[in-house]
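To convert a position in the sequence shown, counted from 1, into the numbering used here, add 118. We treat Cβ as the ideally placed atom computed from N, Cα and C, and that holds for glycine.
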Amino acid sequence: MSQTIINIILFVLLVWFFASRFIPPKGVRMMTAAELKRRLKEPGVQYIDVRTPLEFQSYHLPGFRNIPLHELTARAHELSKEKEVIVICQSGMRSQKASKLLKKMGFQHVTNVKGGLNAWQ
119 MSQTIINIIL
129 FVLLVWFFAS
139 RFIPPKGVRM
149 MTAAELKRRL
159 KEPGVQYIDV
169 RTPLEFQSYH
179 LPGFRNIPLH
189 ELTARAHELS
199 KEKEVIVICQ
209 SGMRSQKASK
219 LLKKMGFQHV
229 TNVKGGLNAW
239 Q
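This is the structure we're talking about:
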């Protein structure tokens, strides 16, 4: 009986762990690469690429600015909390973390590009 309870608890923790990694953060809009292509040069939008500087130098989308994920907290003051922020990375995982972080810091309109640059190409 106690082993069953432990198994149930472990299962719930495992489900929670994976769900927290893959379910979009509350209040963050998700966008496809196709949607991004339509909106890419929209005025008043802040486009942020959270990959490393080396990744950014090797390839990036025009209009995107590089603020690596590990620098985002320290450099968030460079962004307006009132304007929409569209966040991209290579696969969508780092940008999802960045989006969650921006929401916690009080940014109102945060959009994550689903699949990142992998979905773009």
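Let me check understanding here. Comparing Cα to Cα, which of the options lies closest to residue i?
{"i": "M211", "options": "Q121, V168 and L128", "result": "V168"}
{"i": "L235", "options": "L197, F182 and H227", "result": "F182"}
{"i": "C207", "options": "G162, S176 and P161", "result": "S176"}
{"i": "S172", "options": "N184, P161 and I166", "result": "The sequence as given places Leu at residue 172; Ser does not occur at that position. The shortest C-alpha separation from L172 is found at N184."}
{"i": "A192", "options": "E200, S213 and L219", "result": "L219"}
{"i": "G195", "options": "F225, P180 and S217", "result": "With the sequence shown as reference, residue 195 is identified as His, and Gly is not the correct amino acid for it. When only C-alpha atoms are compared, the closest one is F225."}
What's the C-alpha gap between residue i and residue j?
{"i": "F174", "j": "L132", "result": "34 Å"}
{"i": "L187", "j": "Q121", "result": "41 Å"}
{"i": "F129", "j": "K159", "result": "45 Å"}
{"i": "T150", "j": "S209", "result": "12 Å"}
{"i": "M223", "j": "I124", "result": "36 Å"}
{"i": "V146", "j": "I126", "result": "31 Å"}
{"i": "A152", "j": "W238", "result": "8 Å"}
{"i": "G162", "j": "K155", "result": "16 Å"}
If you run the structure through DSSP and keep just helix, strand and coil, what is residue i?
{"i": "Q239", "result": "coil"}
{"i": "V60", "result": "Since the displayed the chain opens at 119 and closes at 239, residue 60 lies outside it and no answer follows."}
{"i": "V231", "result": "strand"}
{"i": "V146", "result": "strand"}
{"i": "R169", "result": "coil"}
With a cut-off of 8 Å on the beta carbons, I'd call residue i and residue j a contact; round off their distance for me.
{"i": "H178", "j": "E202", "result": "Their Cβ separation, rounded to whole angstroms, is 19 Å, which puts H178 and E202 out of contact at 8 Å."}
{"i": "L190", "j": "Q164", "result": "Wrong, their Cβ atoms sit about 12 Å apart, outside the cutoff."}
{"i": "M148", "j": "K215", "result": "14 Å between Cβ atoms; not a contact."}
{"i": "V205", "j": "T229", "result": "7 Å"}
Which residue spans inside the region 190 to 221 form an unbroken beta strand (DSSP E) run of at least 3? Segments of the beta strand (DSSP E) lying fully in the region 190 to 221: 202 to 206.
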